[in-house]
Amino acid sequence: MATLAETIPVPRSEPAISAGKLQVRRLVVAHVWVAIAAFAVACLLGVWQMWARSPLEAPAHTAANYFRSVTMHGVSMAYVLTTFFIMGFGYFTAETALKRPVPGLWLAWGAFWLGIAGVLMAALAIISGNASVLFTFYPPLTATVWFYVGLVLVVVASWVWCLIMIFAMQAWKSANPGQAVPLVMFATVANAVMWLWTTVGVATELLFQVIPAALGLNGMVDVGLSRTLFSWTLHAIVYFWLFPSYIAFYTMFPRAAGGRLYSDTMGRLAFILFIIYSLPVGLHHLLMDPEHSNGFKYLQTFLTALVSVPTLLTIFTITASAEVAGRMRGGTGTFGWIKTLPWGRPMVLATGLAFLMLFWGGGGGLINMSYGMNAMVHNTSWVTAHFHLIFGGTVVIMYFAIAYVMWPTLTGRSFPSMRPLNVQLWLWFIGMMVMTLPWHWTGLQGQWRRIAAFDYSNPLIASWGPWVIVSLIGGIILAVSALLFVWNLVTLHRSSSPRFAVVEVPYAEAVHPPGRLPASLNGFGLWNVIVAVLMLLAYGYPIAQFFIDPPPQAVVHRLH
Amino acid sequence: MAEHPPSDQTPAGAPAEQAAVDRHWRRLALAAVGVAVAVGGLLGFVIIPAGQREHSHLSMDAAMRRAAGLEAGSPAHPQPPAAINSLPVSQVSWDPAIMQRLAAGNTARGAELAGQVCAACHGETGLSVTSAIPSLAGQTSYAIYKQLHDFRTGARVQPDMTAVAQSLAVGDLASIAAYYAAASQQYAALGMRDLSGETEIVRVAWEGDTRRRIPACMSCHTNGVGGPIETPALLGQNREYMAAQLNAYASGARKNDVYGRMRDISRRLTPHEREQLARYFQGTL
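Sequence lines, in order, name chains A and B. Okay, so the first sequence: first residue is 8 according to the working numbering, each after it adds one. Okay, so the second sequence: first residue is 2 according to the working numbering, each after it adds one.
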């Protein structure tokens, strides 16, 4: 078996991109390796954390070490892995989909090094024990200012990326008037546009509340306001992480499966709906908070429920695309087409496994967004298990598959065998299931989250012990899978197999390729206006109330 | 952002009839989002409050104002007061003003007052002169302030301490608490004492006794971990004082423990256990 490009018939109508000539090659490789390095460290820390939570004696297990480790794990996974991977993937799609040089490469490199500086600042702050505040920005607990400034630099780097993506699409549209922007680029820019909106909340919180508090400029902080601003970011950031997965579902999976995308328009609609319904919904993270009225909590929860629309659209469209492919490959009957899909291809396998995990994770999410049920699980490890399942199960497994698509293009070499790739994906799936399902279960039994140790001499807590040990085994499987992923990519870099000159990136074509599109499905002007109005309606008064009738503030608790 | 076509124009280069399609899409999108917001708003701000109104005995207007966040507080009717005489056990509230006062505690003023008023019994650095008088060494400023404030308000009664606390201003109490917390930092080693006791007593201290619903002492009384911030440290405290306090809680003579936690626990301990726990926590140097 060779590369995806070779196993899949490629129409040669467009000029292919030469591997050696991909201008963003070094940029993409740099970004993705930073992401992977953070990911590998975080995976190993994760295993230790699960060990520390279990009845087995873990080395160096103190509360201080536990929270330091959890902070490092969360920051590495949620901010470093995602941001750098998404930036790298964006530069890759911009050049390969638009088939034009990415504008402002020097700026992109500047942003990369800015991000690296930020990561180092935050990492040193955490390692030194001055930032054990977890990856959430919830005052009055504050870390050293280096931690926050470091993360702000990472965000600023991502803003530069957003502007480059938007500008790249604009330039392409000027050069191709009236033409439909390729779906993969449309989606990438949708993510950039959403991210700019998303980061307004947390940036405001950091600049006006948290960083002054960390510097000692203010001794008091309005906790309700900061939690509200963080909630602005909190849900949409998950969709920022998730976007590459959906991009792969729509633009890579159908081709890898040997078929076509069932509907290009459905894809555009799904991405647009993600922009609209992932932003004015953050209050559902504050259902248990006292600072907001039930009416606004309800409105935002209602809008949250609408996020299921693009998700269901996607499940329908991708399943339909898979059925098209399966039937083209000779599948018959109601479910016979599933068997004929080429499950030996990493992108197909990853998409199938991601859908399975999304089913469980999405179900858990529906429970979390329901006020009454959330009240029961809110402070339990059910929530932790849920976001690990969504993040690891749908986000990260598709990052693996995307990396496996990008690497032959970036290195000019083919994977000698798909077997280690598929083994890695299966291990990830099995590990994620073995880790998170018992974790959900202990959460339902009341196992609380965000604590450093359990007293297993208590009979109630002792009954959770076996389940936590099962979760630990799942964690170990995940770590093995993570290391195998690193190994798979490294071997391709070090391979002595000859580079081939031309690698086409296998983006899927639609059954009906878009001809002329309404402007609304080819740009974001209208949607930005709608998001602005929705945010004003959903967050206007909830934020304004803190200024109309300022509540009592809390004393800042500095960790350093 | 990406594309801002003025209302009735199409992207450059697109044919003119495209404008009709674009307009159609814009209207459809606005209508769909508008309906979503209207339905959500109607449910959240009108229909659900209307449903809840009756159970909380609110007018429709008040119910809607509450849903919108224009009115605060709980509509629940106050419960009838409990039959027992619920004398406020403590009037300390850990609000920002007190936290700031303790954080800013003037230890120079505290040292001066401590020397004049406290040191005769509690020692210059918080090591008391007899076993019946508590040592302040190793306690946090919150723990010391809580007791001083309780003596001042009458939540806790001890003739000498009540007189002292009532003669001082609240700010001075905070300064004294801050002074002793700082002065006794060198005695952190108190926590390094050798603890030895009967197996049953050690188990109560570290694991509690679930059968009798006695939680582990150390689940709260460990510095910086677990319990409320005013929880005093036990390691190294004087045996005679601790035993007297456990007995006072058990008999109800002392009642400044919020929620009656220590009264509940002490009542469940046997007199022998109270004595042995006090001996265990004093430890030996």
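Here a beta-carbon is modelled for each residue, glycine too, at the ideal position from N, C-alpha and C.
Is it true that the stretch 497–512 of chain A meets the stretch 452–466 of chain A, where meeting means three or more beta-carbon pairs spaced less than 8 Å apart?
no
For a test of the three-state rule: what should DSSP assign to L249/A, helix, strand or coil?
helix
Counting only Cβ pairs nearer than 7 Å, list the residues of chain E close to N72/A.
Given the protein chain composition of this structure (A and B), no chain E is represented.
For G237/B and G284/B, the rounded distance between their alpha carbons
6 Å
Would you kindly report the start and end of the unbroken alpha helix (DSSP H) that includes I537/A?
532–555
Can you grab the Cα-Cα spacing for the pair E516/A / T258/A, in whole Å?
7 Å
Can you tell me whether D229/A is buried or exposed, with buried defined as 16 or more other CB within 10 angstroms of its CB?
buried
If L247/B and R275/B are in contact, beta carbons under 8 Å, what's the gap, nearest whole angstrom?
4 Å
The stretch 27–58 of chain B: which residues have C-beta closer than 8 Å to a C-beta of chain A, in chain order?
R27, A30, L31, V34, A37, V38, V40, G41, G42, L44, G45, F46, I49, P50
Whole beta strand (DSSP E) runs in the stretch 63–106 of chain A with 3 or more residues, listed along the chain?
none
Please decide whether P97/B counts as near chain A, where near means a Cβ-Cβ distance under 8 Å.
yes
Buried or exposed: where does F342/A fall if 16 or more other Cβ atoms within 10 Å of its Cβ makes it buried?
exposed
I need the DSSP call for M425/A, collapsed to helix, strand or coil.
coil
Can you tell me whether DSSP reads W494/A as helix, strand or coil?
helix
Can you say whether T271/B is buried or exposed, counting buried as having 16 or more other CB atoms within 10 angstroms of its CB?
exposed
Where the alpha helix (DSSP H) containing M61/B begins and where it ends
61–68
For T149/A, the three-state DSSP class (helix, strand or coil):
strand
Would H299/A pass as an interface residue toward chain B - the criterion being a Cβ-Cβ separation below 8 Å?
yes
If I'm right that T103/A touches F260/A with Cβ under 8 Å, what's the distance once you round it to whole angstroms?
At roughly 16 Å, the Cβ-Cβ gap does not stay under 8 Å, so T103/A and F260/A are not in contact.
At the 8 Å Cβ level, is E326/B part of the contact set with chain A, yes or no?
For residue 326/B there is no data in the structure shown, the boundaries of chain B being 2 and 286.
Between G70/B and chain A, is any beta-carbon pair separated by less than 8 Å?
yes
List, in chain order, every chain B residue whose beta-carbon is nearer than 8 Å to that of Y378/A.
The premise fails here: Y378/A is roughly 10 Å from chain B at the closest Cβ pair, so nothing lies under 8 Å.
Take every Cβ of the stretch 455–464 of chain A, pair it with every Cβ of the stretch 406–414 of chain A, and state whether three or more of those distances are shorter than 8 Å.
no
Output yes if chain B places a C-beta closer than 8 Å to the C-beta of S464/A; else output no.
yes
Using a Cβ cut-off of 8 Å (strictly closer), state whether Q246/B contacts chain A.
no
Comparing alpha-carbon positions, which option in A44/A, S504/A, W204/A, R32/A lies nearest A539/A?
W204/A
Cα-Cα separation, R268/B to R157/B:
18 Å
Go ahead and pull the three-state DSSP assignment for W95/B.
coil
Below 7 Å between beta carbons is the criterion; list the residues of the stretch 268–288 of chain A that meet it against any residue of chain B, in chain order.
I283
Can you name the start and end residues of the alpha helix (DSSP H) that V158/B belongs to?
Where V158/B is concerned, there is no enclosing alpha helix (DSSP H), given that its DSSP letter is neither H nor E.
With 16 other Cβ atoms within 10 Å as the buried cut-off, status of I134/A:
exposed
May I have the straight-line CA-CA distance separating G35/B from G42/B, to the nearest angstrom?
10 Å
Residue-level contact to chain A via CB, R262/B, 8 Å cutoff
no
Strictly below 7 Å CB to CB, what residues from chain B border F461/A?
Ordered by position in chain B, no residue passes the 7 Å Cβ test against F461/A, which lies about 12 Å from the chain.
Does I266/B come within less than 8 Å of chain A when only Cβ atoms are used?
no
Helix, strand or coil at A561/A [DSSP, three-state]:
strand
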